[in-house]
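Chemist: Below: one structure in structure tokens.
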Amino acid sequence: MNSSEQTTPLLEVRHLSKHFGAVQALNDFSMSVQPGEVVALAGDNGAGKTTLIKAISGVFQPTAGEILLRGQPVSFATPQEAREKGIETIYQDLALADNLSIGANIFLGREPMRKAFGFLPVLDRKAMAVAAKQTMGRLDFHVSRLEAPVSNFSGGQRQAVAIGRAVYWDAQILIMDEPTAALGVPEQRKVISLIHQLKAQGRGVIFISHNLQDIFAVSDRIVVLRRGVQAGERKISETNHDEVVKLMVGG
Amino acid sequence: MTSTSPTQQGETHVAPQADHGDPARTWIGRIAEGRAWLFLAGLIICFEVWSRLAFGATFVLNPFNLQSIAIFAVAPLLLATGQTFVIISGGIDLSLGFIMGLAAVVAAHATNMAGAAIPLPLAMLAGILAAVLVAGVPGMINGLLISRLRIPPFIGTLGMFGVARGAAYLLAGGTTVPVQNSWFALLGNGKFHGVPYLVMITAIFVVVMHYILSQTRFGQHNYAIGANVQAARRAGIDIRGHILRLYVLSAMCAGLGGALYAARFTAGAAQAGEPLLLDSVAAVVIGGASLFGGSGTIFGTVAGALVIAVIQYGLVFVNVEPFWQFIAVGLVIIISVLIDQAQRRFSGARQDE
């Protein structure tokens with residue numbers, strides 16, 4: 183179907199189906215992501231994009247089909263299990279606690295502790311700040327006030343924090359659900375460059391967007407979903423807006 | 003409002019520098035942060051001047067006054083420390099007042115019963131322990147209602163308000179339960195170098211609670227849940243378990259409050275905490291917490307509770323009709339929230355999108 187034969191894909195989805203009662207949200211869907219590849223997932227509302235990413239990220243189990251991580255079949259009972267295996271989802275509504283610092287957000291739920299006075303366990307804020315600074319530096323995002331709550335940052339900066347959290351925990355697959363939807367144009371561009379960086383680091387990205395401009399700016403391949411089935415798959419270099427739109431609406 | 007974003011720098015510069023005037027460091031931010039302590043200082047100065055002008059006597063340098071204010075603040079502060087945790091998480095606990103009453107009655111009964119069998123000091127400890135543990139039961143029910151059955155905290159704890167109230171009166175037989183235990187009375191009224199034992203216990207307790215809120219994962223998760231439950235859940239935090247522990251903790255604070263009440267008055271009364279519930283919420287709000295959740299500190303709440311105690315005691319001291327207390331406390335709450343609102347508006351935080 184594509185060029186994925188030479189190397190083992192980072193992530194492969196085979197014949198995935200998900201039924202909700204009589205509703206077939208996803209039907210016999212297959213796709214793969216190579217290391218360092220950005221795959222765009224396009225489709226109209228209700229086409230099954232969200233169902234697909236929820237199945238991959240462990241929010242619910244697929245009715246049929248399998249998910250392979252570096253060639254090994256996996257199944258996730260919870261999103262935590264998926265995250266431990268290196269699949270991180272970045273949601274459009276920004277899963278950050280606005281009142282906490284960048285470091286506290288990166289470590290939320292897995293905070294490092296240290297012993298004060300040799301016996302009293304306390305949060306290791308210093309370690310969190312150092313890790314935050316390093317991680318954000320890797321994304322070319324330079325912060326001086328690491329104690330400031332993330333509510334002080336703009337939408338694009340907070341998106342960078344969410345991506346930074348995934349990078350820190352060494353996510354190999356990042357699923358990004360409309361990462362640019364809530365942002366202004368300059369901020370959108372920054373997120374696009376962040377995705378380029380993730381790609382350069384050899385991570386796989388599944389990029390969901392309604393915005394064809396963004397998709398063409400950042401992706402290597404595009405997979406189009408329509409009513410739960412794969413309507414087509416194209417290399418970005420070999421397609422154009424018109425063709426993708428036709429695939430999406432079924433023209 | 004994206005006015006905070008720096009100038010556009012093209013594609014090569016990936017993320018913007020994060021520096022664009024940290025609003026928390028503006029003067030209004032500083033005032034808002036420390037407003038409870040400012041209120042407290044202002045009130046003390048106010049009463050000092052008033053007292054000197056009216057009676058030619060000092061208000062704040064009088065140790066008896068300080069002791070009385072501290073004693074005044076103990077019970078509302080104990081309720082308010084638990085309430086601080088709950089309000090930061092985005093909830094509210096309306097049942098604390100009567101959980102405190104229930105605990106006071108339990109402490110009285112348990113101390114008396116244990117006193118018949120074991121030495122008095124041990125009986126006292128048994129009474130306090132029983133009060134705190136029994137208080138945990140309605141707390142656990144609150145937590146289960148809110149976390150498992152998804153009942154809004156306001157409704158769930160309002161129901162428990164009634165249940166605890168009835169249980170407390172039934173257990174007390176509709177009257178107050180006197181305590182026969184000289185150690186318990188000493189705990190409630192004794193002093194060490196002029197500092198009442200009750201105040202010492204409360205101070206230690208408050209420091210421990212501050213540690214839990216500011217230095218542990220439990221505290222950190224509490225802030226995260228108050229700001230964004232979705233984010234906390236996605237980060238893998240066990241929300242149900244946290245909420246359950248949270249309401250047990252706040253009820254146990256009320257339990258300790260009830261036990262200390264019984265020590266102070268050498269009697270347990272079901273209505274012990276009745277007027278204190280709203281004082282506890284007021285202390286938390288004056289202390290800088292937002293009722294929307296996500297912000298607040300224990301030391302802010304300490305200042306809030308002291309503000310209320312100073313108003314209550316100070317107005318009595320300068321011979322003003324006690325009904326003015328309610329008006330004064332009400333005004334402080336409103337001004338406090340207005341400062342908070344102004345700070346949010348000026349800082350522009352959260353209004354980005």
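Note that the protein sequences, when read in sequence, are chains V and E.
Following the working numbering, the numbering of the first sequence begins with 183 at its first residue and continues without gaps.
Following the working numbering, the numbering of the second sequence begins with 3 at its first residue and continues without gaps.
Glycine residues also receive a C-beta, built at the ideal position from the N, C-alpha and C atoms.
Here the structure is a predicted model, which means the values were calculated and not measured.
1. Please report whether the beta-carbon of E/Q343 lies at a distance below 8 angstroms from any beta-carbon of chain V.
2. For chain V, check one thing: does any of its Cβ atoms lie closer than 8 angstroms to the Cβ of E/G238?
3. Which residue or residues does DSSP assign as beta-bridge partners of V/H201?
4. Just curious, the alpha helix (DSSP H) that E/G103 is in, first and last residue?
5. Check the DSSP bridge columns for V/E270 and list the partner residues they point to.
6. Please name the residue, chosen from V/F299, V/L356 and V/L282, that lies closest to V/R327 on a Cα-to-Cα basis.
7. Which residue marks the beginning of the beta strand (DSSP E) containing V/R416, and which one marks its end?
8. Against chain V, with Cβ distances strictly below 8 angstroms, would E/T413 count as a contact?
9. Using 8 angstroms as the cut-off, can you tell me whether the region 257 to 268 of chain V makes contact with the region 390 to 398 of chain V, which would need three or more C-beta pairs spanning the two stretches below that distance?
10. Looking at the structure shown, is V/H423 part of a helix, part of a strand, or coil, going by DSSP?
11. Can you give me, in chain order, the residues of the region 290 to 321 of chain E that have a beta carbon less than 7 angstroms from any beta carbon in chain V?
12. Under a CB-based cut-off of 8 angstroms, is E/A234 close to chain V?
13. Note the first and the last residue of the continuous beta strand (DSSP E) segment covering V/E248.
14. When the Cα of V/N334 is compared with those of V/L223, V/Q379, V/A279 and V/V312, which residue comes out closest?
15. Quick check: what's the CA-CA separation for E/I335 versus V/A342?
16. Which bits of chain V does E/R219 rub up against, with CB to CB less than 8 angstroms?
17. What number of angstroms, rounded off, separates the C-alpha of E/A128 from the C-alpha of E/T159?
18. Helix, strand or coil: which one does DSSP assign to E/L340?
19. Restricting to Cα atoms, I'd like to know which of V/P294, V/Q354, V/E270 and V/A224 is closest to V/A344.
20. Tell me whether E/I94 sits in a helix, a strand or coil according to DSSP, three-state version.
21. Apart from the five residues just before and just after E/L42, which ones in its own chain have a Cβ nearer than 8 angstroms to its Cβ?
22. Tell me where the beta strand (DSSP E) around V/V477 begins and ends.
23. Can you tell me the Cβ-Cβ gap for V/G410 and V/A207, rounded? I've got them flagged as a contact below 8 angstroms.
24. Give the interface partners of V/D352 over in chain E, defined as CB-CB distance under 8 angstroms, in chain order.
25. Starting from E/R266, trace the alpha helix (DSSP H) in both directions and tell me its first and last residue.
26. With a cut-off of 8 angstroms on the beta carbons, I'd call V/A399 and E/Q222 a contact; round off their distance for me.
27. For E/V179, decide whether its Cβ has a neighbour in chain V, counting only Cβ atoms nearer than 8 angstroms.
28. Output the distance between the C-alpha atoms of V/N422 and V/L193, rounded to the nearest integer angstrom.
29. Could you tell me whether the region 230 to 250 of chain E touches the region 137 to 151 of chain E, where touching means 3 or more Cβ pairs closer than 8 angstroms?
30. Please report the distance separating the alpha-carbon of V/V241 from that of V/A277.
31. Say whether chain V places a C-beta atom closer than 8 angstroms to the C-beta of E/Q222.
32. In chain E, which residues lie less than 8 angstroms from V/A277 when you measure between Cβ atoms?
33. Assess contact between the region 356 to 369 of chain V and the region 313 to 333 of chain V, defined as three or more Cβ pairs (one per stretch) separated by less than 8 angstroms. Is contact present?
34. Assign V/P303 to one of two classes, buried (16 or more other C-beta atoms within 10 Å of its C-beta) or exposed (fewer than that).
35. Report back the beta-carbon spacing between E/V136 and E/L98 to the nearest angstrom; my notes put them in contact at under 8 angstroms.
Modeler: The relevant details are as follows:
1. no
2. Using a Cβ-Cβ cut-off of 8 angstroms, E/G238 counts as an interface residue toward chain V, since at least one Cβ of chain V sits closer than that to its own.
3. V/Q206
4. L98 to G117
5. V/L356
6. V/L282
7. V411 to K417 is the span of the beta strand (DSSP E), which, as asked, contains V/R416.
8. With chain E represented from 3 up to 355, any question about residue 413 of chain E goes unanswered, as that position is not in the structure.
9. no
10. helix
11. G296 and S297
12. Closer than 8 angstroms to the CB of E/A234 there is at least one CB belonging to chain V.
13. A246 to L251
14. V/N334 has its Cα closest to that of V/A279, out of V/L223, V/Q379, V/A279 and V/V312.
15. 38 angstroms
16. E293, M295 and L305
17. 27 angstroms
18. helix
19. V/E270
20. Here E/I94 sits in coil by DSSP.
21. A305, L308, V309 and V312
22. With chain V represented from 183 up to 433, any question about residue 477 of chain V goes unanswered, as that position is not in the structure.
23. 5 angstroms
24. Neighbours of V/D352 on chain E: none; closest Cβ ~16 angstroms, over 8 angstroms.
25. First-last of the alpha helix (DSSP H) with E/R266: I241 to F267.
26. V/A399 to E/Q222, Cβ: 38 angstroms. No contact.
27. no
28. 26 angstroms
29. With three or more CB-CB distances shorter than 8 angstroms, the region 230 to 250 of chain E counts as touching the region 137 to 151 of chain E.
30. 15 angstroms
31. With its beta carbon less than 8 angstroms from one in chain V, E/Q222 belongs to the interface.
32. N230, Q232, A233, R236 and A237
33. no
34. exposed
35. About 14 angstroms; that fails the 8 angstroms criterion.
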